[in-house]
Every structure is written in structure tokens, then in C-alpha cells.
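In the numbering used here, the protein residues as written are 5 to 323.
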Ligand code: ADP
């Protein structure tokens with residue numbers, strides 16, 4: 005019987021993590037459970053930075069960005085001895101189950117705990133949308149909106165100077181932030197792992213735009229893919245477009261979560277608690293076709309992201 009449940013956030017922070025934390029705590033308390041938070045992800049777990057919380061702890065956090073219980077990275081969590089220490093800590097506090105909010109790395113840590121016999125559930129929280137088992141992660145929608153706000157601003161200045169702007173966005177190795185923001189911004193080009201750079205056609209298009217005296221060109225590029233400063237030099241040389249680069253960086257992680265993320269976090273958090281209470285341990289919460297379901301962690305981690313063919317086609321059609 006599960007009586008005490010702990011929650012941690014891990015990996016890159018994402019807007020909506022607090023809303024998910026709030027939901028887990030409130031749904032757990034509603035079901036008569038004692039609720040605990042663990043500060044600093046797996047690092048805090050191993051150190052024993054574990055605290056019991058009540059409903060007051062969750063007041064006024066649904067709209068706060070970041071994660072109030074902080075996140076941290078602990079590469080050593082791959083070592084069985086460290087996992088053993090973590091289980092010992094949880095047992096010291098008589099905690100019966102753990103909910104981890106994060107990405108695939110966090111899920112791998114949860115799987116190790118599950119293999120060591122400790123019941124866990126995972127919730128996908130990352131701006132990158134790079135968790136293959138779910139259609140969407142908590143934080144993605146907010147980061148996308150943030151990117152669009154920034155690109156709108158860049159467009160104003162880019163248009164005032166007839167410039168080409170290359171904007172690098174986050175995503176780790178997933179192109180969703182680039183692809184969806186490119187779609188939402190009507191970008192002239194999107195360069196991502198699913199939609200690679202085609203230099204010749206890009207240069208041809210930019211030369212044509214320059215000849216037509218177009219006010220600006222916006223190119224959106226996923227991080228970890230190409231050197232955008234090199235591309236800017238090539239564009240200037242090949243097309244005559246005055247070209248600037250912008251790396252949006254960590255500001256994409258911050259900010260108030262949009263309503264969509266708060267609602268997704270609420271749906272996923274309540275599901276995490278119900279999975280634990282129904283005895284469906286060692287699963288991760290997923291959004292599939294607008295339904296919230298649980299999937300065994302191992303199965304979730306074995307899934308591969310498929311390129312979004314319809315999205316790619318749409319981007320090509322509308323560019
Ligand atoms: P995310 O959860 O967003 O994918 P990371 O990849 O940084 O973020 O992982 C977060 C944390 O999860 C790591 O700092 C580490 O503590 C733990 N972790 C990552 N990979 C593993 C693994 N293979 N085995 C055990 N723990 C892992």
C-alpha cells in the first residue's frame with residue numbers, strides 16, 4: 005500500500021513543471037497520501053534533501069516558470085552504488101513511491117530505481133519535445149510562444165534594415181521547436197534534423213527576394229546542427245543580403261507557462277497519482293491522440309522519434 009509519495013524535477017527546467025508538481029501534491033493529498041518534495045533532482049535525492057509538504061506549499065505556483073524545487077544533473081546516477089544510496093534515502097523517509105518530472109534522461113534514472121525494486125512514475129517535462137513516448141511534453145507550448153514573441157520582435161528590426169536574420173532555437177537534437185516556430189512565423193526557411201539545409205535552393209530563394217526588394221528574410225535553425233555564423237557569411241557572399249545571427253538561448257526556458265502547459269501538467273499530474281494508486285507502477289505518463297495514458301518505462305525508452313512527415317510537407321508547401 006502506498007502511503008507516502010515524493011516528487012522531484014530533473015534535467016532541463018521547463019515552464020509548467022511547477023504546475024505538474026502542484027497537481028501531484030494536491031491529487032496525492034486529496035487521496036489521503038503524505039506528500040514529499042525532493043530538491044535538486046537526483047542529486048538532492050542522494051543527499052537526502054527531502055521534505056514533507058502540505059497544500060500551502062503549492063499555493064501560487066501554477067503560473068510560475070522554472071521549478072521551485074530546482075533541477076540538477078547527476079551523471080553518477082548511472083552507477084548502481086549511487087542508485088542503491090538513493091533507494092536507501094527513500095526508505096529512510098519511509099517513502100513508498102517516487103514521481104520524476106523530466107525527459108528521457110530522468111526516465112533512465114527512474115528505470116534504474118524501478119529495477120532496484122522502488123516504485124516510480126515519470127511525467128514528461130522539457131521544452132524540447134524530444135520524448136518519443138508522448139505527443140507533447142510539458143513546457144513545449146510555452147517555449148514555442150516565447151520563440152514566436154522573440155522572432156516577431158526580430159522581424160521588426162530586420163524589416164527596418166532589409167536584413168536576413170538567422171535565429172537559432174533550442175531542441176537539443178529534436179527539431180520540433182524549430183519546425184513549429186518556423187510554421188507559426190511563416191519563416192523563409194527552417195533547418196532542423198528532419199528538414200536539412202538545402203543551400204542551393206535557399207540561396208536562389210534569397211537572391212530572388214533581394215531582387216524583389218523584400219523587407220526581410222527569417223531563417224530558423226535548430227541548435228547543435230550547423231554553424232550559423234558560417235551560414236550568415238555564405239548568405240552575404242551568395243545573395244547580397246545583409247545577414248545577422250541571433251541565438252535565443254536560455255530565455256526559451258523561462259517565463260510564465262501558457263494555459264495549455266498548465267492544463268497538460270494538471271492532466272498528467274493527476275494521471276501519475278492515479279497510476280501509482282492503481283498499482284500501475286514503473287510507467288511514464290504520455291499524451292497520445294489527446295488522451296493521457298500510462299506506458300511502461302522500458303517501452304517508452306525504446307521508442308524512437310519519427311520524422312513528422314505531414315509537418316515537413318506543410319512547411320515545404322508554405323515557405
Ligand atoms: P532529461 O531528463 O531532460 O533528458 P538529462 O539527460 O540531463 O535530462 O538527465 C537528467 C538526469 O537524469 C541526469 O543528470 C542523471 O542524473 C539522470 N540520468 C540521465 N541518464 C541516465 C542513465 N542512463 N541512467 C541513470 N540516470 C540517468
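For each residue, glycine too, the CB sits at the ideal point set by N, CA and C.
N- and C-terminal bounds of the alpha helix (DSSP H) containing residue 319:
For the purposes of this step, residue 319 is identified with residue 315 of the chain shown, where counting begins at 1. Unbroken alpha helix (DSSP H) run through residue 319: 313 to 322.
- Can you grab the Cα-Cα spacing for the pair residue 313 / residue 226, in whole Å? The count along the chain shown starts at 1 and reaches residue 313 at position 309. The count along the chain shown starts at 1 and reaches residue 226 at position 222. Cα-Cα distance, rounded: 17 Å.
| message | By DSSP's criteria, residue 246 is part of a beta bridge. Which residues make up the other side? | response | As a first step, residue 246 must be located in the chain shown, where it is residue number 242. Beta-bridge pairing by DSSP links residue 246 to 167.
Exercise. Within its chain, find whatever has a CB closer than 7 Å to the CB of residue 300; leave out the 5 residues flanking it on each side and keep chain order.
Key: In the chain shown, the residue the question calls residue 300 occupies position 296. For residue 300, where only same-chain residues beyond five positions count, the Cβ hits under 7 Å are 286, 287.
Could you check where the beta strand (DSSP E) with residue 226 kicks off and where it finishes? On the chain shown, position 222 is the one that residue 226 refers to. Where residue 226 is concerned, the enclosing beta strand (DSSP E) stretches over 221 to 226.
Requested in this report: Taking 8 Å as the threshold, find out whether the region 55 to 68 comes into contact with the region 155 to 171 through three or more Cβ pairs.
Outcome: no
Is residue 29 near residue 97, with beta carbons less than 8 Å apart?
-> Against the chain shown, residue 29 aligns to sequence position 25. Against the chain shown, residue 97 aligns to sequence position 93. In terms of Cβ geometry, residue 29 and residue 97 do not form a close pair [threshold 8 Å].
- Does the Cβ of residue 139 lie closer than 7 Å to at least one heavy atom of the ligand ADP? For the purposes of this step, residue 139 is taken as residue 135 along the chain shown, with counting starting at 1. Residue 139: no, Cβ never under 7 Å from the ligand ADP.
Shortest alpha-carbon distance to residue 279 belongs to which of 86, 124, 23, 27?
Taking the chain shown and counting its residues from 1, the one referred to as residue 279 is at position 275. In terms of CA proximity to residue 279, 124 leads the group 86, 124, 23, 27.
Would you say the beta carbon of residue 78 comes nearer than 7 Å to a heavy atom of the ligand ADP? Within the chain shown, the letter at position 74 stands for residue 78. Checking the Cβ of residue 78 against the ligand ADP gives yes.
- Could you say which of 106, 113, 99, 161 lies nearest to residue 85 if we only look at CA atoms? Within the chain shown, the letter at position 81 stands for residue 85. Residue 113 is the option with its Cα nearest to residue 85.
Requested in this report: Measuring alpha carbon to alpha carbon, tell me which of 231, 232, 239 ends up nearest residue 213.
Outcome: Walking along the chain shown from the start, residue 213 turns up at place 209. Per the Cα distances, 239.
Worksheet item: Would you say residue 265 and residue 45 are within 8 Å of each other, going by their C-beta atoms?
Response: Walking along the chain shown from the start, residue 265 turns up at place 261. Walking along the chain shown from the start, residue 45 turns up at place 41. No.
Q. So, using beta-carbon positions, are residue 14 and residue 104 closer together than 8 Å?
A. Numbered from 1 along the chain shown, position 10 holds the residue referred to as residue 14. Numbered from 1 along the chain shown, position 100 holds the residue referred to as residue 104. Taking 8 Å as the Cβ cut-off, residue 14 and residue 104 qualify as a contacting pair.
- Buried or exposed: which applies to residue 121, given that a residue is buried once 16 or more other Cβ atoms fall within 10 Å of its Cβ? By 1-based counting over the chain shown, the position of residue 121 is 117. Exposed, because fewer than 16 other Cβ atoms sit within 10 Å of the Cβ of residue 121.
| said: Rounding to the nearest angstrom, what Cα-Cα distance links residue 48 and residue 192 in this structure? | reply: As a position in the chain shown, residue 48 is number 44, starting the count at 1. As a position in the chain shown, residue 192 is number 188, starting the count at 1. Cα to Cα, the separation comes out at about 45 Å.
What did DSSP end up calling residue 79 once you bin it into helix, strand or coil? Here residue 79 is taken as the residue at index 75 of the chain shown, counted from 1. In this structure, residue 79 counts as helix in the three-state DSSP scheme.
task = Could you tell me the distance, in whole angstroms, from the CA atom of residue 170 to the CA atom of residue 32?
result = Within the chain shown, residue 170 is the residue found at index 166, counting from 1. Within the chain shown, residue 32 is the residue found at index 28, counting from 1. Each residue's alpha carbon lies about 46 Å from the other.
Within 10 angstroms of its Cβ, does residue 12 collect 16 or more other Cβ (buried), or is it exposed?
Indexing the chain shown from 1 puts residue 12 at position 8. With 16 or more Cβ atoms within 10 Å of its Cβ, residue 12 is classed as buried.
* So does residue 71 have its beta carbon nearer than 7 Å to some heavy atom of the ligand ADP? -> By 1-based counting over the chain shown, the position of residue 71 is 67. In terms of side-chain proximity, the C-beta atom of residue 71 is found no nearer than 7 Å to any non-hydrogen atom of the ligand ADP.
**OP:** Count the C-beta pairs between the region 150 to 162 and the region 173 to 193 that are closer than 8 Å, then say yes if the count reaches three, no if not.
**Re:** yes
Q.
Considering only their Cβ atoms, is the gap separating residue 77 from residue 50 smaller than 8 Å?
A. Residue mapping note: residue 50 aligns to position 46 of the chain shown, counting from 1. Residue mapping note: residue 77 aligns to position 73 of the chain shown, counting from 1. Contact: no.
Review point. Taking Cβ to Cβ, would you say residue 129 is nearer than 8 Å to residue 10?
Key: In the chain shown, counting from the first residue as 1, residue 129 sits at position 125. In the chain shown, counting from the first residue as 1, residue 10 sits at position 6. Cβ atoms of residue 129 and residue 10: not closer than 8 Å.
Per DSSP, residue 239 forms a beta bridge with which residues?
Translated into positions along the chain shown, residue 239 becomes position 235. DSSP, once it has assigned bridges, lists no residue as partnering residue 239.
Query raised in the report: By a C-beta neighbour count over all protein chains shown, 10 Å radius and 16 as the cutoff for buried, is residue 196 buried or exposed?
Result: Within the chain shown, the letter at position 192 stands for residue 196. By the neighbour-count rule (16 or more Cβ atoms within 10 Å), residue 196 is buried.
Q.
Using only the alpha-carbon positions, how far apart do residue 322 and residue 223 sit?
A. Along the chain shown, one-based indexing puts residue 322 at 318. Along the chain shown, one-based indexing puts residue 223 at 219. Each residue's alpha carbon lies about 14 Å from the other.
What residue does the alpha helix (DSSP H) around residue 263 start on, and which one ends it? By one-based count along the chain shown, residue 263 stands at place 259. Start and end: 263 to 281.
I believe residue 201 touches residue 230 by the beta-carbon criterion, under 8 Å. Please report the beta-carbon distance rounded to the nearest angstrom. One-based indexing of the chain shown puts residue 201 at position 197. One-based indexing of the chain shown puts residue 230 at position 226. Contact holds; Cβ gap of about 6 Å.
Regarding residue 81 and the ligand ADP, is the C-beta to nearest heavy atom distance less than 7 Å?
-> Residue mapping note: residue 81 aligns to position 77 of the chain shown, counting from 1. The answer is yes for residue 81.
- Query: Any idea what DSSP makes of residue 38, helix, strand or coil?
  - Reply: As a first step, residue 38 is located in the chain shown; it is residue number 34 there, counting from the start. Residue 38: strand per DSSP, three-state reduction.
Only counting the same chain, and skipping five residues up and downstream in sequence, which positions put a Cβ closer than 7 Å to that of residue 269?
Counting from one through the chain shown, the residue named residue 269 turns up at place 265. 20, 23, 24, 27, 142.
Identify every run of the beta strand (DSSP E) within the region 16 to 65, keeping only runs that are complete inside it and at least 3 residues long; order them along the chain. 38 to 42, 54 to 57
| query | Would you call residue 79 buried or exposed, if buried means 16 or more other Cβ atoms sit within 10 Å of its Cβ? | reply | Taking the first residue of the chain shown as 1, we reach residue 79 at position 75. That one is exposed.
**Request:** Can you have a look at residue 75 and say buried or exposed, based on whether 16 or more other CB atoms are within 10 angstroms of its CB?
**Result:** Residue mapping note: residue 75 aligns to position 71 of the chain shown, counting from 1. Label assigned to residue 75: buried.
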